[in-house]
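The structure appears right after this line, and notes come after that.
2 protein chains.
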Amino acid sequence: MILIRQEIGDVLRDFRQQKGQTLRQVAGKASVALGYLSEVERGQKEVSSEILAAVAEALEIPMWAIMRRVSDRIAVLEGIESAIPDVVPDELVASVGPELSLR
Amino acid sequence: MILIRQEIGDVLRDFRQQKGQTLRQVAGKASVALGYLSEVERGQKEVSSEILAAVAEALEIPMWAIMRRVSDRIAVLEGIESAIPDVVPDELVASVGPELSLR
Chain F
3 MILIRQEIGD VLRDFRQQKG QTLRQVAGKA SVALGYLSEV ERGQKEVSSE ILAAVAEALE
63 IPMWAIMRRV SDRIAVLEGI ESAIPDVVPD ELVASVGPEL SLR
Chain X
3 MILIRQEIGD VLRDFRQQKG QTLRQVAGKA SVALGYLSEV ERGQKEVSSE ILAAVAEALE
63 IPMWAIMRRV SDRIAVLEGI ESAIPDVVPD ELVASVGPEL SLR
């Protein structure tokens, strides 16, 4: 069974590391308990909508991009990765940062 | 603040209605309480990863497609809808069903 909390956790950790930030920094900016954010990243806790929004804002990553990458990861798990091209336009990627590149 | 539970709820309801199924039918197939599924669809309850997977299976919609549409809806809310083309290949849409068409 594909569990979305595990994909969300991995995506949040990937974005955080690409931004060069520590768990402590992001937890502080998002006003989230450090231990809770750590559990979310490890896929051990469901993330509430409010906290996901706060963490996305702290990371300065738009929510659509987080969910898009979650969708892409699940597509790989569901075995259809080759069917979906990477199509976020280059200028959009450039405007937000290289961490938006989907592959 | 964009709340992902509201987008997930709307997407699940849209897919269910496109499949012509009632809340009761989907709740039964997914072994989820009817009232709970109703609250999820209305964005009033966070959906757990296990229940989201069960509802997706009951609807016969792959998880990646649910999250892709969630991402697309959030992109509209975040004001960048025109930047992301609709690019799920036609043959993939045809293989799963017209409800996968993203717009």
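Heads up: the protein sequence lines correspond to chains F and X, in order. Residue numbers for the first sequence follow my numbering, beginning at 3 and rising by one. Residue numbers for the second sequence follow my numbering, beginning at 3 and rising by one. Glycine included, every Cβ here is placed at the ideal spot set by N, Cα and C. Predicted model only: the values in this text are computed from it and were never measured.
Beta carbon proximity, residue i to chain F, threshold 7 Å
| i | result |
| --- | --- |
| VAL72/X | yes |
| SER51/X | yes |
Per-residue contacts from residue i into chain A (C-beta, under 8 Å)
| i | result |
| --- | --- |
| ALA55/X | Among the protein chains in the structure shown, which are F and X, there is no chain A. |
Opening and closing residue of the alpha helix (DSSP H) in which residue i lies
| i | result |
| --- | --- |
| SER50/F | Where SER50/F is concerned, there is no enclosing alpha helix (DSSP H), given that its DSSP letter is neither H nor E. |
| ALA67/F | 65-79 |
| GLU9/X | 6-20 |
| ILE35/F | The question names Ile, yet the displayed sequence has Ala at residue 35/F. Run containing ALA35/F: none; DSSP gives neither H nor E here. |
CB contact check: residue i to chain X, cutoff 7 Å
| i | result |
| --- | --- |
| ILE63/F | no |
| ALA60/F | no |
| ARG105/F | Annotation note: pLDDT 42 at ARG105/F (below 50); position unreliable, coordinate value reported separately. Not an interface residue. |
Reference residue i, options the options, closest by Cα
| i | options | result |
| --- | --- | --- |
| SER73/X | ILE82/F, ILE76/F, ALA67/F | ALA67/F |
| ARG7/F | ARG71/F, LEU39/F, GLU52/F, GLY45/F | GLY45/F |
| PHE17/F | TYR38/F, ARG70/F, GLU52/F | ARG70/F |
| PRO64/F | ILE82/X, GLU62/X, ILE53/X, ALA32/X | ILE82/X |
| LYS31/X | ALA77/X, ILE53/X, GLU80/X | ILE53/X |
| GLU43/X | GLN23/X, VAL78/X, ASP12/X, SER51/X | ASP12/X |
| SER111/X | SER40/F, ILE76/F, LYS21/F, TYR38/F | Nothing in the structure corresponds to residue 111/X, since chain X is present only between 3 and 105. |
| GLY22/F | LYS47/F, GLU80/F, GLU62/F | GLU62/F |
Whole-number beta carbon distance between residue j and residue i, since they are thought to touch under 8 Å
| i | j | result |
| --- | --- | --- |
| VAL28/F | ALA60/F | 5 Å |
| LEU36/F | LEU25/F | 6 Å |
| VAL49/F | ILE10/F | 6 Å |
| ALA55/X | VAL34/X | Between VAL34/X and ALA55/X the Cβ distance is about 11 Å, and since that is not below 8 Å, they are no contact. |
Item to check | Where the segment 25-49 of chain X meets chain F: residues whose CB sits under 8 Å from a CB there | outcome: GLU48
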